[in-house]
Amino acid sequence: MSIHADRARYVPVERGFNIARTAIEPQAFVAEAARAFAADTPTGFIALDLSLALGSGHAATTPFMLARYARIRRGERLACTLAASGEIWAVLRGRGTLERDGQALAWGEGDMLALPGGVASTWLAEEDAVLWLATDEPALAFLGVRPEIGERAPIEATHYRAEDIARELRTLYERPMAPDTPGRALFMASARTERLGTCLPAMTLTLNAVRPGEEQRPHRHNAAALVLSLREAHCASTIGGRTFPWTRHVTLLTPAGAAHDHRNAPKVDGAVGDDDIALSLIVQDGGLHYYGRTMGFSFA
33 MSIHADRARY VPVERGFNIA RTAIEPQAFV AEAARAFAAD TPTGFIALDL SLALGSGHAA
93 TTPFMLARYA RIRRGERLAC TLAASGEIWA VLRGRGTLER DGQALAWGEG DMLALPGGVA
153 STWLAEEDAV LWLATDEPAL AFLGVRPEIG ERAPIEATHY RAEDIARELR TLYERPMAPD
213 TPGRALFMAS ARTERLGTCL PAMTLTLNAV RPGEEQRPHR HNAAALVLSL REAHCASTIG
273 GRTFPWTRHV TLLTPAGAAH DHRNAPKVDG AVGDDDIALS LIVQDGGLHY YGRTMGFSFA
């Protein structure tokens, strides 16, 4: 028998149609957020790593996504080259400069960026900074592939400026919401992904708002979701039967297929201001499902 034939395996139908995987539980990454903002935390990454629970041989928050906090102390640099098709970054605190591909890009609190993966980047903090990022590194690691770079990259470096985001959110806050609308969401895309309706080909990036007294109806979809609270107001999410009050800068994990909702308590008195409107950043591996026609969205 040849070495090639010796590698062959034949799986009975009972196993082939019933491939078991560890269940993924909804959770809140409270300790990781606290560490990212702690005064004594050094420059570096804090991964939201569930690889042991997932049984993967690489860092992962969900089977296809990895989220991290990045802490950069004032005057220090954080260098990275991420094996992802793309990177989604959000600046939670501070300001500084990003250097990559011989170019410099200034960033500040409230900005978001979508960047091609596989490119050496250096983040310089002009003041103490905390950023949040999500990538599809686990998907590429699972497939054993490397990111395309240069002209073959699926996206170009894209900067969502805080002032532009604020203008778009103003429209979102004031827009009437129809009964059959899943929620108030602002989808972010780029020049190369606009036709797909996603931020990266495989991943969606949205800002999700919940006004006082509003509830986003319980729903489910086949995309896993990472929900980062930017402004908690009096909002809470119930995910897979577990309720999580929103806490600013804490990330919630919504497993694929889990029924979930988001609701903000009514305002007792006075006019509604921005601080009363709950706001979250949501990243999903929805691009894969939209393209594969497998999103499976439904109200629960």
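Basically this note's numbering = 1-based index in the sequence shown + 32. Just so you know, even glycine gets a beta-carbon here, dropped at the ideal spot from N, CA and C. The structure presented is a predicted model; accordingly, all values stated were derived computationally and were not measured.
Within its chain, find whatever has a CB closer than 6 Å to the CB of residue i; leave out the 5 residues flanking it on each side and keep chain order.
i    : result
L237 : I120, M220, C231 and V315
F331 : R249 and H251
I291 : It should be noted that the sequence gives Ala, not Ile, for residue 291. Same-chain partners within the cutoff: P250, R252 and A332.
A122 : M144, W164 and L313
R207 : none
L156 : R109, G128 and T129
T190 : A146 and S222
What residue from the options has the CA that sits closest to residue i's CA?
i    : options                   : result
H294 : D301, A265 and A210       : A265
E158 : A256, A255, L110 and P250 : L110
T167 : F96, R216, E108 and G142  : F96
A198 : L239, R125 and G107       : L239
T203 : T113, D212 and A241       : A241
E246 : K299, G319 and T286       : K299
D72  : R325, I271 and D160       : D160
A152 : Q135, E141 and G142       : Q135
A309 : G319, T326 and A217       : Residue identity check: residue 309 is Ile in the sequence provided, not Ala. For the residues G319, T326 and A217, the minimum Cα distance to I309 belongs to A217.
G319 : T279, V282 and R227       : R227
Y192 : S222, L86, G176 and H281  : S222
T113 : T154, A92 and E188        : T154
L98  : T213, A40, A189 and M235  : M235
L80  : R41, V282 and G176        : V282
Could you have a look at residue i and say whether DSSP puts it in helix, strand or coil?
i    : result
R193 : coil
Y101 : strand
D133 : coil
G89  : coil
G48  : helix
A257 : strand
T203 : helix
G324 : helix
A37  : helix
D307 : helix
V282 : coil
G142 : coil
E119 : strand
F96  : coil
L172 : helix
E183 : helix
L313 : strand
Count the other CB atoms, across all protein chains shown, that sit within 10 Å of the CB of residue i; report buried if there are 16 or more and exposed otherwise.
i    : result
G273 : exposed
L284 : buried
N296 : buried
V346 : Coverage of the chain is limited to positions 33 through 332, which leaves residue 346 absent and any answer about it impossible.
Y101 : buried
L82  : buried
I104 : buried
S261 : buried
I51  : exposed
D212 : exposed
CB-CB under 8 Å to residue i, same chain, minus the five flanking residues each way: which ones, in chain order?
i    : result
A115 : G149, G150, E169, L172, A173, R178 and P179
T275 : A268 and S269
P186 : S117, G118, P148, E180, R224, T225, L232 and P233
Work out the CA separation of residue j and residue i for me, nearest whole Å.
i    : j    : result
A303 : P244 : 11 Å
H321 : T94  : 15 Å
L84  : H90  : 9 Å
R67  : F77  : 10 Å
D307 : R263 : 7 Å
E64  : G289 : 25 Å
L311 : G229 : 21 Å
L124 : G328 : 32 Å
Y323 : R184 : 19 Å
R132 : A146 : 13 Å
A257 : I56  : 12 Å
V62  : P287 : 17 Å
A210 : G126 : 37 Å
L201 : V43  : 52 Å
S34  : F49  : 29 Å
Beta-carbon within less than 7 Å of residue i's beta-carbon, same chain only, minus the 5 sequence neighbours each way: which residues are those?
i    : result
A138 : T129
T75  : R103, I104, R105, E108 and L110
Q59  : L285
G142 : V123, A194 and I197
N254 : A288, G289, H321, T326, M327 and G328
Is there a C-beta anywhere in chain C that falls below 9 Å from the one on residue i?
i   : result
A37 : In the structure shown, chain C cannot be found, because there is only a single protein chain.
Considering only heavy atoms of the ligand GDP, does any lie closer than 8 Å to the CB of residue i?
i    : result
A241 : What this structure holds is no ligand at all, so the ligand GDP is not there to describe.
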